[in-house]
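Below is one structure, written out as structure tokens, with a few remarks after it.
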């Protein structure tokens with residue numbers, strides 16, 4: 001299939017003698033929203049670093065077909081002595097785009113705030129805004145909601161889904177949380193413990209309205225997802 | 001207000017102990033010292049000495065910053081350079097002032113160069129190690145973030161490296177200012193051609209103890225005032241620079 005954005009064949013990554021990623025075969029289509037679920041230390045973040053070019057594979061291959069990458073880090077990684085706007089200007093000089101993103105991420109009015117003056121949720125919104133100002137073909141999210149409470153977390157996921165509905169960029173997110181995964185994903189990959197393999201590749205067919213955690217379809221998918229996780 | 005009360009208490013204690021001791025050669029009274037101080041301010045030589053000491057101190061500070069910070073920066077980003085340079089810098093740090101003194105007297109004799117070199121070598125290791133430690137403590141996550149977004153290297157150095165280093169640079173300057181007067185005056189005393197240290201040396205030769213005390217008051221005042229002014233100036237300048245970088 002020529003429409004992929006990432007394609008890995010027998011991809012393996014080791015740290016010294018420790019194999020973390022063990023022969024993954026994976027193809028991710030353009031515009032897909034893929035969520036990777038797996039236990040701690042199974043190489044989820046390592047995979048994201050390989051995707052972003054920060055790390056190399058030890059054997060096998062990976063082909064990347066994106067031009068612009070947005071990366072939402074687990075912790076916001078904002079420059080502490082720079083304001084919100086300056087943090088975004090560090091990545092892009094496109095002021096119009098920055099203004100648009102500040103609006104979309106509900107950060108208007110906070111341009112001149114320093115990161116230390118923002119709540120955890122707002123910092124993550126800046127983190128997300130920074131990833132989106134580059135107009136990414138591929139948006140990577142590395143457990144971005146770990147420290148956020150439920151309303152903030154699902155508010156941000158709703159924002160991401162609504163931006164995705166306007167322009168279908170590819171999303172790859174890593175998380176431990178099944179609810180987060182189902183709220184966002186078209187496809188969920190479940191990993192085994194280290195050395196990790198892809199144990200399950202699950203399609204999620206939910207409409208926009210069904211991506212509410214109280215919807216029966218959502219609960220049903222979560223239940224089958226949990227069964228798969230516990231069977232591994 | 002409290003500071004003035006503190007000064008008055010100090011002066012009263014000084015007066016009390018000088019009367020009790022009654023050995024003017026060791027502890028003259030505050031009155032004798034201030035008479036000597038007044039006399040010093042009526043002499044042109046005092047102002048010349050002050051200018052000389054201030055000029056030498058500023059020169060040392062500038063040299064320490066422009067030499068120490070770049071070397072510290074390189075040592076911070078490269079472990080190889082750190083290990084290569086560390087022994088030499090530790091040796092410079094450990095060499096007693098008196099050994100440098102012998103060297104500079106052979107090299108230049110009495111004059112301004114000796115105190116400047118001795119003070120520079122005394123303060124250089126501190127600025128290098130403080131800067132290197134600052135670079136080593138830079139948040140690697142910020143660097144990784146910048147690389148992920150393919151931010152140009154120059155921008156990464158200017159914004160993240162130098163931005164993270166600023167508190168260390170300010171700390172280096174603050175500590176150096178506190179020390180530079182002491183080292184310069186000692187060096188002037190030992191091998192200087194002019195300066196407060198030289199005046200102290202002359203006063204000692206004439207056993208003019210109130211004059212030694214008066215000159216010490218000038219040196220202490222110079223240290224405190226300059227530390228406050230320069231720290232304030234650097235902090236303002238650094239904040240401006242941090243915002244614009």
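Residue numbers (UniProt numbering), protein chains in the order written: chain A, 1 to 232; chain B, 1 to 245. Using N, Cα and C, we set each Cβ at its ideal position, and we do this for glycine too.
With 16 or more other Cβ atoms inside 10 Å of its own Cβ, residue 148(B) counts as buried.
By the neighbour-count definition (other C-beta atoms within 10 Å, threshold 16), residue 32(A) is a buried residue.
When 9 Å is used as the limit between beta carbons, residue 169(B) is near no residue of chain A, the shortest such separation being about 13 Å. The shortest CA-to-CA distance from residue 44(A) to any of 10(A), 90(A), 190(A) and 203(A) is the one to 190(A). Nearest C-alpha to residue 232(A) among 204(A), 192(A), 218(A) and 223(A): 192(A). DSSP, reduced to helix, strand and coil, places residue 17(A) outside both helices and strands of the structure shown, so it counts as coil. Contact between residue 174(B) and residue 130(B) is absent: CB atoms are separated by about 10 Å, not below the 8 Å threshold. When only Cα atoms are considered, residue 74(A) and residue 21(A) end up about 20 Å apart.
Residue pairing for residue 63(A): DSSP places it in a beta bridge opposite 7(A). Contacts between residue 147(B) and chain A, judged by CB atoms closer than 7 Å, involve 54 in chain order. Note that the C-beta distance between residue 204(A) and residue 177(A) is not below 8 Å. A straight line joining the alpha-carbon of residue 97(B) with that of residue 58(B) spans about 20 Å. Residues of chain A with a Cβ closer than 8 Å to the Cβ of residue 151(B) are, in chain order, 90 and 91. For residue 202(A), the enclosing beta strand (DSSP E) begins and ends at 198-203. Three or more beta-carbon pairs drawn from the stretch 119-130 of chain A and the stretch 149-166 of chain A are found closer than 8 Å, and the two stretches are therefore classed as touching. Within the same chain, and ignoring the five residues on either side of residue 85(B) in sequence, the residues whose Cβ sits closer than 6 Å to its Cβ are 75. For a cut-off of 8 Å, the C-beta gap from residue 124(B) to residue 180(B) is around 12 Å, too long to register as a contact.
A straight-line Cα-Cα distance of about 9 Å links residue 209(B) and residue 32(B). In the DSSP assignment, residue 29(B) falls outside any alpha helix (DSSP H) and carries neither an H nor an E.
In this structure, residue 175(A) sits away from residue 34(A), with a CB-CB distance that is not shorter than 8 Å. In the three-state DSSP reduction, residue 105(B) falls in the helix class (H, G or I). Under a 10 Å Cβ-count criterion, residue 145(A) is classified as buried, with 16 or more other Cβ atoms of the shown protein chains found around its own Cβ. Our two residues, residue 108(A) and residue 132(B), have alpha carbons roughly 39 Å apart in a direct line.
Between the stretch 129-137 of chain A and the stretch 63-83 of chain A there are three or more C-beta pairs closer than 8 Å, enough to call the two in contact.
With its beta carbon less than 8 Å from one in chain A, residue 163(B) belongs to the interface. Residue 82(B) and residue 93(B) have their C-alpha atoms some 15 Å from each other. Counting of Cβ neighbours within 10 angstroms places residue 136(B) among the exposed residues, the total staying below 16. Across the stretch 127-142 of chain B, CB contacts with chain A closer than 9 Å involve 139, 141 and 142, in sequence order along the chain. For residue 5(A), the closest of 58(A), 77(A), 63(A) and 18(A) by C-alpha to C-alpha distance is 63(A). Rounded to whole angstroms, the Cβ separation of residue 177(B) and residue 197(B) is 17 Å, and the two are not in contact under 8 Å.
Against chain B, the beta carbon of residue 125(A) has no neighbour under 7 Å; the closest one sits roughly 16 Å away.
Contact check for residue 128(B) against residue 89(B) passes: the beta carbons are separated by less than 8 Å. For residue 148(A), no alpha helix (DSSP H) encloses it, and the DSSP letter there is neither H nor E.
Neighbours of residue 77(A) across chain B, judged by C-beta separation under 7 Å: 141, 142 and 145. Residue 90(A) sits in coil when the DSSP states are folded into three classes, being neither helix nor strand. In this structure, residue 171(A) lies away from residue 206(A), with their beta-carbon atoms at least 8 Å apart.
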